[in-house]
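Novice: Protein chains in written order, with numbering that gives the first Met the number 0: chain A, 0 to 245; chain B, 0 to 245.
Before anything else, here's the structure in question.
Protein chains: 2
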Amino acid sequence: MRFTSEQRLDDDVVEREFTLGDIPGILWTPASASASAPVPLILLGHPPLGLGTMYPRLVGRARQAVADGFAAATVELPGSGDRPRLAAVDRARADMRRAVQAGEPVGDETVDALVLPLVEQAVPEWQAALDALLALPGIGGPVGYSGGVISLGIRLAVVEPRIAAAVLFAGSFVPRSMVEEARRVTVPLFVLLQWDDEGNDRQAALDLFDAFGSEEKTLLAGMGGHTGVPQSAGEAAERFLARHLS
Amino acid sequence: MRFTSEQRLDDDVVEREFTLGDIPGILWTPASASASAPVPLILLGHPPLGLGTMYPRLVGRARQAVADGFAAATVELPGSGDRPRLAAVDRARADMRRAVQAGEPVGDETVDALVLPLVEQAVPEWQAALDALLALPGIGGPVGYSGGVISLGIRLAVVEPRIAAAVLFAGSFVPRSMVEEARRVTVPLFVLLQWDDEGNDRQAALDLFDAFGSEEKTLLAGMGGHTGVPQSAGEAAERFLARHLS
Numbered sequence: 000m001r002f003t004s005e006q007r008l009d010d011d012v013v014e015r016e017f018t019l020g021d022i023p024g025i026l027w028t029p030a031s032a033s034a035s036a037p038v039p040l041i042l043l044g045h046p047p048l049g050l051g052t053m054y055p056r057l058v059g060r061a062r063q064a065v066a067d068g069f070a071a072a073t074v075e076l077p078g079s080g081d082r083p084r085l086a087a088v089d090r091a092r093a094d095m096r097r098a099v100q101a102g103e104p105v106g107d108e109t110v111d112a113l114v115l116p117l118v119e120q121a122v123p124e125w126q127a128a129l130d131a132l133l134a135l136p137g138i139g140g141p142v143g144y145s146g147g148v149i150s151l152g153i154r155l156a157v158v159e160p161r162i163a164a165a166v167l168f169a170g171s172f173v174p175r176s177m178v179e180e181a182r183r184v185t186v187p188l189f190v191l192l193q194w195d196d197e198g199n200d201r202q203a204a205l206d207l208f209d210a211f212g213s214e215e216k217t218l219l220a221g222m223g224g225h226t227g228v229p230q231s232a233g234e235a236a237e238r239f240l241a242r243h244l245s
Numbered sequence: 000m001r002f003t004s005e006q007r008l009d010d011d012v013v014e015r016e017f018t019l020g021d022i023p024g025i026l027w028t029p030a031s032a033s034a035s036a037p038v039p040l041i042l043l044g045h046p047p048l049g050l051g052t053m054y055p056r057l058v059g060r061a062r063q064a065v066a067d068g069f070a071a072a073t074v075e076l077p078g079s080g081d082r083p084r085l086a087a088v089d090r091a092r093a094d095m096r097r098a099v100q101a102g103e104p105v106g107d108e109t110v111d112a113l114v115l116p117l118v119e120q121a122v123p124e125w126q127a128a129l130d131a132l133l134a135l136p137g138i139g140g141p142v143g144y145s146g147g148v149i150s151l152g153i154r155l156a157v158v159e160p161r162i163a164a165a166v167l168f169a170g171s172f173v174p175r176s177m178v179e180e181a182r183r184v185t186v187p188l189f190v191l192l193q194w195d196d197e198g199n200d201r202q203a204a205l206d207l208f209d210a211f212g213s214e215e216k217t218l219l220a221g222m223g224g225h226t227g228v229p230q231s232a233g234e235a236a237e238r239f240l241a242r243h244l245s
């Protein structure tokens, strides 16, 4: 892990860009972190639109995480931003958009091709990032995962024992195999659902919530579309992480 | 409205029992209420088990409401506690219990007979209580309704313009006609659902949530049975009321 930039965002937040091999990432820490006890880490998930595009929303979430006493970090997804494209995923995305624009259902094969290769490649990368991040002074466990591609959150929660709690956003396509995988998730979960998300199958999201194996799981459904998560819902998710990681 | 007892529960809460005609009720106010600006009022709903039986849970919710800056009040439901029994409702309750014990579905007619007469009689009583409570020094609007028989909350939210926000517990039988009535509810709503509530039809609860006409409505579903609402869910409901009544 090599830091490529460092800036102080405000009195309390230090933002550092890094590369891990050829994967870019960003780490946000409290300015006072190295001096005090290690803080828990929240991995900020995001949709595959590139860190540059997602930066304004990510930095808002990161600032909140730091204010809550955490470090926050994220890495670029495979095929996004300046990373090499994933041709198969790009084709699946084009198929998906054609189906949505034609008002047709998005087929299972398209969903699988859109999501599964991304998850397969991203999971070991996020685990490598965890190795590097947790080796830094001032950052300790436990680790939370929050938001972004829900299938990545599901897979990480299943395979990565350092993830102690997860906030998942039921707002993206979920391969059927991931619903089965969800039964193996056991960490405390907080699932956000936008009740009227135009691009999301509400019943599929409810079935997925039902499938999670976690003894403690909470579903918070609010009104509004995909990007209209109410502030109060975001705050509830923050309190959930604070309760489980502090 | 005639006060029949008054006690100071702790430094901040005054509990007063009252009767309104022949209907008993309880009012909890901040000890300092009359000296300062009027506080908003939360009507505490409860199941038809009698105020005596429900007192321990009610006083806990009332203490929290007062700590949040509200007054809280409740009145005995028709047919409960020391009030005259409602023979038809008692028969419907016996039918309901027979069906549940036999593992059979509870019929629509039984649900109607169990709930509708209770709501019909209770609504004007709760409105009369509101008249009397809001005339007291130290208590002002807006008014919130929280918990208890969900159909009473729905009807009050529809007919009583002083109700500005409601927390509803999707944990009791709901007549089909009340689902239609739910479409006429427009105040901000926070609906609690126990995902594994053994006595509750989850799909019916989700359909009811979908039916509410409110632009702002939130569903919080947690794990556990009917009486196992997690503390964090109760706190989320309190924050909802604080946001809308303060």
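Ideal Cβ positions, reconstructed from N, Cα and C, are used throughout, including at glycine.
Can you pull the chain A residues whose beta carbon is under 8 Å from the beta carbon of S231(B), in chain order?
Specialist: T217, R238, F239 and R242
Novice: Could you tell me the distance, in whole angstroms, from the CA atom of T3(B) to the CA atom of D67(A)?
Specialist: Between T3(B) and D67(A), the C-alpha separation is close to 47 Å.
Novice: Note the first and the last residue of the continuous beta strand (DSSP E) segment covering W27(A).
Specialist: For W27(A), the enclosing beta strand (DSSP E) stretches over residues I22 to P29.
Novice: Can the beta-carbon of A236(B) be found closer than 8 Å to that of S145(B)?
Specialist: Yes.
Novice: Taking 8 Å as the threshold, find out whether the region 49 to 69 of chain B comes into contact with the region 106 to 119 of chain B through three or more Cβ pairs.
Specialist: As far as the Cβ criterion goes, the region 49 to 69 of chain B does not touch the region 106 to 119 of chain B, which means the pair count is below three.
Novice: Give me the DSSP bridge partner(s) of S4(A).
Specialist: E16(A)
Novice: DSSP beta-bridge partners for I162(A)?
Specialist: I162(A) is bridged to V142(A).
Novice: Please state the DSSP three-state secondary structure of G147(A).
Specialist: coil
Novice: Closest Cβ-Cβ distance between M0(B) and chain A: below 8 Å?
Specialist: By this cut-off, M0(B) is not an interface position.
Novice: Is M222(B) close to chain A? Criterion is C-beta to C-beta, closer than 8 Å.
Specialist: Interface residue, yes.
Novice: Between E214(A) and chain B, is the shortest Cβ-Cβ distance under 8 Å, so that the two count as touching?
Specialist: yes
Novice: Going by the beta-carbon positions, is the gap between L8(A) and F17(A) smaller than 8 Å?
Specialist: In this structure, F17(A) does not lie closer than 8 Å to L8(A) by Cβ.
Novice: Given that a residue counts as buried once 16 or more other Cβ atoms are within 10 Å of its Cβ, and exposed if not, what is E234(B)?
Specialist: exposed
Novice: Run through the DSSP bridge pairs and tell me what T73(B) is partnered with.
Specialist: Beta-bridge partners of T73(B) (DSSP): I25(B).
Novice: Look up L42(A) in the DSSP assignment and say whether it is helix, strand or coil.
Specialist: In the structure shown, the three-state DSSP call for L42(A) is strand.
Novice: Taking Cβ-Cβ distances shorter than 8 Å, what residues in chain A pair up with L205(B)?
Specialist: L205
Novice: Could you pull the DSSP bridge partners for F189(A) from this structure?
Specialist: Assignment of beta-bridge partners to F189(A) by DSSP yields V166(A) and T217(A).
Novice: Of all the residues that make up the region 131 to 159 of chain B, which are near chain A by a beta-carbon distance shorter than 7 Å?
Specialist: Answer in chain order: no residues at all.
Novice: Could you give the DSSP three-state label for S231(B): helix, strand or coil?
Specialist: helix
Novice: Label T73(A) either buried or exposed according to how many other C-beta atoms from any shown protein chain fall within 10 Å of its C-beta, with 16 as the threshold for buried.
Specialist: It is buried - the Cβ of T73(A) has at least 16 other Cβ atoms within 10 Å.
Novice: Does any CB atom of chain A fall closer than 8 Å to the CB of A235(B)?
Specialist: yes
Novice: If you run the structure through DSSP and keep just helix, strand and coil, what is E103(B)?
Specialist: coil
Novice: Which first and last residues belong to the alpha helix (DSSP H) in which L207(B) is found?
Specialist: R201 to A210
Novice: Looking at the secondary structure, which residues open and close the alpha helix (DSSP H) in which T226(B) lies?
Specialist: T226(B): not part of any alpha helix (DSSP H); DSSP gives it neither H nor E.
Novice: From this set, T226(A), G223(A) and T217(A), which residue's C-alpha is nearest G223(B)'s C-alpha?
Specialist: T217(A)
Novice: Who are the near neighbours of P141(B) in its chain, counting only those whose CB is closer than 6 Å to its CB and skipping five residues on each side?
Specialist: P39, A163 and L244
Novice: According to the neighbour-count rule (16 or more other Cβ atoms, all chains shown, within 10 Å of its Cβ), is D206(B) buried or exposed?
Specialist: exposed
Novice: Grab me the residues of E124(A)'s own chain with a C-beta within less than 8 Å of its C-beta, minus the 5 sequence neighbours each way, in chain order.
Specialist: Sequence-distant Cβ neighbours of E124(A) in its own chain, meaning closer than 8 Å and more than five residues away, are L19, I22, V74 and P77.
Novice: My guess is that A70(A) and L43(A) are in contact by the Cβ rule of under 8 Å, so how many angstroms apart are they, rounded?
Specialist: Not confirmed; about 11 Å, so no contact.
Novice: Report, in whole angstroms, the separation of the C-beta atoms of I149(B) and S171(B), which I expect to be a contact under 8 Å.
Specialist: 6 Å
Novice: Could you give the distance in angstroms between the alpha-carbon of V178(B) and the alpha-carbon of L219(A)?
Specialist: 21 Å
Novice: What number of angstroms, rounded off, separates the C-alpha of A93(B) from the C-alpha of G147(B)?
Specialist: G147(B) has its alpha-carbon roughly 20 Å from the corresponding atom of A93(B).
Novice: Indicate whether V112(B) and P104(B) have their beta-carbon atoms separated by less than 8 Å.
Specialist: Per the sequence presented here, residue 112(B) reads as Ala, with Val not at that position. Contact: no.
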